[in-house]
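Take the sequence shown: its letter number 90 is residue 90 in UniProt numbering, and every next letter is one higher. Heads up, the thing below is written out as structure tokens.
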Amino acid sequence: MIFKFFFRTISDEPDKMDNEFERNYLNLINKYLVFLFLLNLFYSIFIVIFFGDAVISTFLTIITLFWLFLMAIKGKTGRYRKILKPSIIFVFVLLIFITSFFHIYTFKNAGVEYFYFSLLFAIPFFFNFREEPVLIMIMALIISVNFIACLYFDFDFLPRSKFFEAGDFKTVKLLNILFSIASFLVDISFITQKDDLIYGLIKDQQMKDSTIEDLQKTNTRLLKQQMLINHLTEDNIKEIYSLAESNSPMFYEKFQVFFPHFISEILAINPNLIYSELYFCALMKIDFDTKKIAQCTNSSIRAVESKKYRIRKKLNIPSEMNINSFILKI
């Protein structure tokens, strides 16, 4: 309940999304950002309280507020999809160099190098191994180069902390190890949740494809039954299809000859159907899908879907029922 209230306070965008996968994925991203927010907040508070390093604490606090800013951005998975990936890459590279800086800043004695592994394990959450193998290898290479460089070079031109004493390093190192372990476990948890979402999406798509295939078989069977009832020959079928595909003005007239009772039965359900809607019903009667209707009427798929939606409303077709199957049964 607390997390839900927090999410809605920062951004209520997921609640307004119709696509379940997009909604769940955005919620997962926001949860991950909350984790980064809490980690940086706790770390910055710890540094300023125990070591008095206000400069570093301020810097970490700014990063903390950056995670909240990302949460508050609306449309980051939709409207900003094109710049989302470059932004993630930029943030990743920035965090790698920040880790390298702190490794040097704390005299290489505070265990900051463990955060390289946290970044390494966070890569699978934001990137896809199958689609972006080269990008993942580059990111891993950047992390490795920074880790090795900071291990073997002193970088004397970079500043060193004036707030850490010799006895502080053990405490900070233990803290960094614990943070790194916690970050690793959380990364694994979020990667698992992401994989579950993708697996669920694949299963849903397979079920939808199977349902569409079953509907197509059912519709073909219904169409054949209707053609047998109306005593249509192969030549009749070819003629009506040819007229429909060429968007011929003769199609509607020929259709009424071949299916003499269809239009009257449709109008009996709702007499307020206009000519263009009856024309679309005639195309669906010969089992034309949305794409085929768009092609033969020189319309966009969105326009056809809108027209079919209005027909569905006028004929009171249940939302769970395929409109072509309904039309074919008339």
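The beta carbon of each residue, even a glycine, is placed where N, CA and C say it ideally should be.
List the whole-angstrom C-beta distance separating residue i from residue j, where the pair is believed to meet the contact cut-off of C-beta under 8 angstroms.
i    : j    : result
I327 : C281 : 6 angstroms
L158 : F101 : 7 angstroms
F117 : F184 : 7 angstroms
E277 : K307 : 7 angstroms
L119 : T106 : Incorrect: roughly 17 angstroms between the Cβ atoms, too far for contact.
F251 : K285 : Contact doesn't hold; Cβ gap of about 11 angstroms is too wide.
I136 : F147 : Their Cβ separation, rounded to whole angstroms, is 16 angstroms, which puts I136 and F147 out of contact at 8 angstroms.
Distance check for residue j and residue i, CA to CA, integer angstroms please.
i    : j    : result
K313 : L38  : 49 angstroms
E113 : I181 : 12 angstroms
Q256 : E265 : 12 angstroms
V145 : F155 : 14 angstroms
I293 : I323 : 13 angstroms
G167 : I104 : 18 angstroms
E320 : T61  : 50 angstroms
N24  : I191 : 14 angstroms
K173 : F50  : 14 angstroms
F288 : E131 : 35 angstroms
I10  : E305 : Interpretation of I10 is limited by its pLDDT of 49, a score under 50 that renders its predicted location unreliable; the figure taken from the coordinates is listed afterwards. Going by the C-alpha atoms only, they are around 35 angstroms apart.
S246 : L36  : 59 angstroms
F127 : L151 : 27 angstroms
L175 : T290 : 60 angstroms
I311 : A244 : 19 angstroms
Y279 : F258 : 14 angstroms
By alpha-carbon positions, which one of the options ends up nearest to residue i?
i    : options                   : result
F92  : T106, Y105 and W67        : W67
N27  : F42, F50, T61 and M71     : M71
I88  : E277, Y116 and A122       : A122
L65  : A54, I47 and L33          : L33
I177 : R130, D235, I148 and F115 : F115
I317 : S299, F153 and N270       : N270
L41  : G52, I63 and Y25          : I63
I73  : Y279, I29 and V304        : I29
R160 : L151, V186, R130 and K108 : K108
Practice task
With a floor of 3 residues, list each beta strand (DSSP E) that falls wholly inside the region 53 to 133, ordered by position along the chain.
Solution key: none
Exercise for the section: For the region 291 to 324, list the alpha helix (DSSP H) runs that are entirely contained and at least 4 residues long, ordered along the chain. Expected result: 301 to 314
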